[in-house]
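The next block holds one structure in the form of structure tokens; read it before the comments.
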Ligand code: PHE
């Protein structure tokens, strides 16, 4: 009996098929089993065929599917519709047919072959001539690039990189830096308070104290990091921005070392032609304090829009570490002296890449960021 023949016969009752006794029932069911077995053998012989897994699925469906599968059809038409006196024989024959049908499909061999076929089928679906999916590569943010460049210069001078918390105590952010509570200079930093004793650090200077406590002297560190101030965002202000602090403490450190180091730094970063200018300033944690300007990198010092015709651009604050600050950090100011500076990384990046709006850094617009 062919498979097609079996399909056709499965739709008819046993009496329609001329089966009227037990022997006939047994023979009919045996024929059905044989047909299924032959179909399986011929299927397995084509197991290297690309469509083998699909054929296995189809075969399984053909035989075991609920409702329309051969086993289900045979149950309905050959078993359920059979006259009472043939029921026991039909029942036994049907049970063995069902078990064998399931075994045909669940033997390990056919499943393994099916697995093998599945990989083949995957390969069939993999069209190597299709264009690939482009996955765009990211790159470092311009502020990060600037930070790394500055770090590199100081690392080469023997400085180490240090960091500290952005949520800082009032003690480290102000008191230890010689900025007394009632002193008007505390207003210079538009502070964001978390509570009366905790702030978002307004500068990287508190890490000066933390590092002195941690390492003592001598100490050569730079401290890059985020800072926060209660500033309204505009083209040159952002409530979150980046600073790099520099700190050198050792025996016999002088203002000449500070000038030499910062002049070297400016030339490394902006080119040999750049000049530096130191003007007196005031910070509670340095004495004396200075404001550093570099000759305008856009006009070379001739005077232009960027430097407001002055030829100079102010780039950082600096000074000799105040003896009280050294003491607060546990360092003896009779034995050690030091210098410190603080600069805004964002401003440096704006200068270097000629960007006129600090907000661009924080808007995460790929069209802008892609350019770096
Ligand atoms: N912390 C100062 C500021 O944010 C900058 C500074 C650092 C000045 C170190 C002197 C020495 O304005």
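In this note's numbering, the protein residues as written are 51 to 422. No residue lacks a Cβ here, since even glycine has one placed at the ideal position from N, Cα and C.
Exercise for the section: Compare the Cα-Cα distances from residue 383 to each of 324, 306 and 370 and report the closest residue. Expected result: Stepping through the chain shown from its first residue, residue 383 is reached at position 333. Across the set 324, 306 and 370, the C-alpha of 370 shows the shortest separation from the C-alpha of residue 383.
Handout entry: Simplified DSSP assignment, three categories, for residue 330
Key = The sequence position of residue 330 within the chain shown is 280, counting from 1. Assignment of residue 330 by DSSP, reduced to helix, strand and coil, places it in the strand class.
Exercise for the section: Counting only runs of 4+ residues fully inside the stretch 252-296, write out the alpha helix (DSSP H) ranges in chain order. Expected result: DSSP runs (the alpha helix (DSSP H)) wholly in the stretch 252-296: 256-265.
Handout entry: Buried versus exposed call for residue 385 [16 or more other C-beta atoms within 10 Å across all chains shown]
Key = Indexing the chain shown from 1 puts residue 385 at position 335. Exposed.
Practice task
Determine the direct distance from the alpha carbon of residue 96 to that of residue 73, and round the result to whole angstroms.
Solution key: Locating residue 73 in the chain shown gives position 23, where the first residue counts as 1. Locating residue 96 in the chain shown gives position 46, where the first residue counts as 1. When rounded, the distance between both Cα atoms is 35 Å.
Exercise for the section: Compute the Euclidean distance between the alpha carbons of residue 69 and residue 127, then round it to the nearest angstrom. Expected result: Here the question's residue 69 lines up with position 19 in the chain shown. Here the question's residue 127 lines up with position 77 in the chain shown. The C-alpha of residue 127 is placed about 12 Å away from the C-alpha of residue 69.
Exercise for the section: Give the straight-line distance between the Cα atoms of residue 103 and residue 110, rounded to the nearest whole angstrom. Expected result: Position 53 of the chain shown, counted from the start, is the residue given in the question as residue 103. Position 60 of the chain shown, counted from the start, is the residue given in the question as residue 110. Near 11 Å, if we compare the C-alpha coordinates of residue 110 and residue 103.
Problem - Cross-strand partners of residue 345 (DSSP beta bridge) - result: On the chain shown, position 295 is the one that residue 345 refers to. According to DSSP, which records beta bridges pairwise, residue 345 is partnered with 362.
Exercise for the section: Evaluate residue 87 with the Cβ neighbour count: other Cβ atoms within 10 Å of its Cβ, from every protein chain shown; 16 or more gives buried, anything less gives exposed. Expected result: For the purposes of this step, residue 87 is taken as residue 37 along the chain shown, with counting starting at 1. The residue is exposed, with fewer than 16 neighbouring Cβ atoms inside 10 Å.
Exercise for the section: Classify residue 240 as helix, strand or coil using the three-state DSSP reduction. Expected result: Counting from 1 along the chain shown, the entry for residue 240 is found at position 190. Three-state result, residue 240: coil.
Problem - Distance cut-off 7 Å: residue 295 Cβ against heavy atoms of the ligand PLP - result: For the structure depicted, the ligand PLP is absent and the ligand set comprises only the ligand PHE.
Practice task
Between the Cα of residue 356 and those of 329, 401 and 367, spot the shortest distance and give me the residue it belongs to.
Solution key: Position 306 of the chain shown, counted from the start, is the residue given in the question as residue 356. The residue with the shortest Cα to Cα distance from residue 356 is 401.
Handout entry: Near the ligand PHE: residue 291 beta-carbon under 7 Å from a heavy atom
Key = Start at 1 with the first residue of the chain shown, and residue 291 comes out as number 241. Within 7 Å of the C-beta of residue 291 there is not a single heavy atom belonging to the ligand PHE.
Problem - Cβ separation of residue 280 and residue 240, assumed to be a contact under 8 Å, to the nearest whole Å - result: Along the chain shown, one-based indexing puts residue 280 at 230. Along the chain shown, one-based indexing puts residue 240 at 190. About 4 Å separates the two Cβ atoms, so the contact holds.
Practice task
Kindly indicate which three-state DSSP category residue 146 falls into: helix, strand or coil?
Solution key: Start at 1 with the first residue of the chain shown, and residue 146 comes out as number 96. Residue 146 sits in a helix when the DSSP states are folded into three classes.
Exercise for the section: Take residue 227 as the anchor and find which of 288, 257, 246 and 132 has the nearest alpha-carbon. Expected result: Counting from one through the chain shown, the residue named residue 227 turns up at place 177. Ranking 288, 257, 246 and 132 by Cα distance to residue 227 puts 257 first.
Problem - Rounded C-alpha distance that separates residue 211 from residue 394 - result: Within the chain shown, numbered from 1, the residue matching residue 211 stands at position 161. Within the chain shown, numbered from 1, the residue matching residue 394 stands at position 344. Their Cα atoms are separated by approximately 16 Å.
Exercise for the section: Mind listing, in chain order, the continuous beta strand (DSSP E) runs of no fewer than 3 residues lying wholly within the stretch 176-220? Expected result: Runs of the beta strand (DSSP E) inside the stretch 176-220: 217-219.
Exercise for the section: Would you kindly check if the distance between the Cβ of residue 106 and the Cβ of residue 151 is under 8 Å? Expected result: Reading the chain shown from its first residue, position 101 is the one you call residue 151. Reading the chain shown from its first residue, position 56 is the one you call residue 106. No.
Practice task
Pair every Cβ in the stretch 288-307 with every Cβ in the stretch 365-381, then say whether three or more of these pairs are closer than 8 Å.
Solution key: As far as the Cβ criterion goes, the stretch 288-307 touches the stretch 365-381, which means the pair count is three or higher.
Practice task
Could you give the DSSP three-state label for residue 229: helix, strand or coil?
Solution key: If you number the chain shown from 1, residue 229 lands on position 179. Residue state, collapsed to three classes: coil.
Exercise for the section: Using alpha carbons as the reference points, say which of 53, 80 and 124 lies closest to residue 62. Expected result: Position 12 of the chain shown holds residue 62. Of the listed residues, the one whose Cα sits closest to residue 62 is 124.
Practice task
Give a single yes or no on whether residue 348 has its beta carbon closer than 7 Å to a heavy atom of the ligand PHE.
Solution key: Translated into the one-based positions of the chain shown, residue 348 becomes position 298. Placement of the Cβ of residue 348 at a distance of 7 Å or more from every heavy atom of the ligand PHE is found.
Handout entry: Per-residue DSSP class, three states only, for residue 415
Key = As a position in the chain shown, residue 415 is number 365, starting the count at 1. Residue 415: coil per DSSP, three-state reduction.
Problem - At least three beta-carbon pairs within less than 8 Å, the stretch 265-278 to the stretch 243-255 - result: The stretch 265-278 vs the stretch 243-255: in contact.
Practice task
Give the DSSP-derived three-state secondary structure of residue 422 in the structure shown.
Solution key: Along the chain shown, one-based indexing puts residue 422 at 372. Residue 422: coil per DSSP, three-state reduction.
Problem - Nearest to residue 196 (by Cα), restricted to the options 413, 414 and 397 - result: Sequence index remark: in the chain shown, residue 196 carries index 146 (1-based). When only C-alpha atoms are compared, the closest one is 397.
Exercise for the section: State the Cα-Cα distance for the pair residue 60 and residue 139, rounded to the nearest angstrom. Expected result: Here residue 60 refers to the residue found at position 10 when the chain shown is read from its first residue. Here residue 139 refers to the residue found at position 89 when the chain shown is read from its first residue. Each residue's CA atom was taken as its position, placing residue 60 and residue 139 some 17 Å apart.
Practice task
Figure out for me which residue from 82, 405 and 76 has the closest Cα to the Cα of residue 55.
Solution key: Taking the chain shown and counting its residues from 1, one reaches residue 55 at position 5. Ranking the options by Cα distance to residue 55, first place goes to 82.
Handout entry: Other residues of its chain near residue 144: CB distance less than 8 Å, five sequence neighbours each side excluded
Key = Working through the chain shown from its first residue, we reach residue 144 at position 94. Taken in chain order, the residues that qualify are 79, 124, 125, 128 and 129.
Practice task
Return helix, strand or coil for residue 71, following the three-state DSSP convention.
Solution key: On the chain shown, residue 71 is found 21 positions in, with the first residue counted as 1. DSSP places residue 71 in coil when its eight states are reduced to three.
Exercise for the section: Indicate, with yes or no, if the ligand PHE has a heavy atom lying under 7 Å from the CB of residue 390. Expected result: Indexing the chain shown from 1 puts residue 390 at position 340. Yes, the Cβ of residue 390 comes within 7 Å of a heavy atom of the ligand PHE.
Exercise for the section: Determine the DSSP secondary structure at residue 356, reduced to helix, strand or coil. Expected result: Taking the first residue of the chain shown as position 1, residue 356 is located at position 306. Judged by DSSP in its simplified three-state form, residue 356 adopts coil rather than helix or strand.
Practice task
Determine the direct distance from the alpha carbon of residue 337 to that of residue 232, and round the result to whole angstroms.
Solution key: Translated into the one-based positions of the chain shown, residue 232 becomes position 182. Translated into the one-based positions of the chain shown, residue 337 becomes position 287. So the alpha carbons of these two residues sit roughly 20 Å apart.
Exercise for the section: Could you tell me if the beta carbon of residue 368 falls within a distance shorter than 7 Å of some heavy atom in the ligand PHE? Expected result: Locating residue 368 in the chain shown gives position 318, where the first residue counts as 1. At least one heavy atom of the ligand PHE lies less than 7 Å from the C-beta of residue 368.
Problem - Distance, residue 326 Cα to residue 247 Cα - result: Here residue 247 corresponds to residue number 197 of the chain shown, with the count starting at 1. Here residue 326 corresponds to residue number 276 of the chain shown, with the count starting at 1. Cα to Cα, the separation comes out at about 38 Å.
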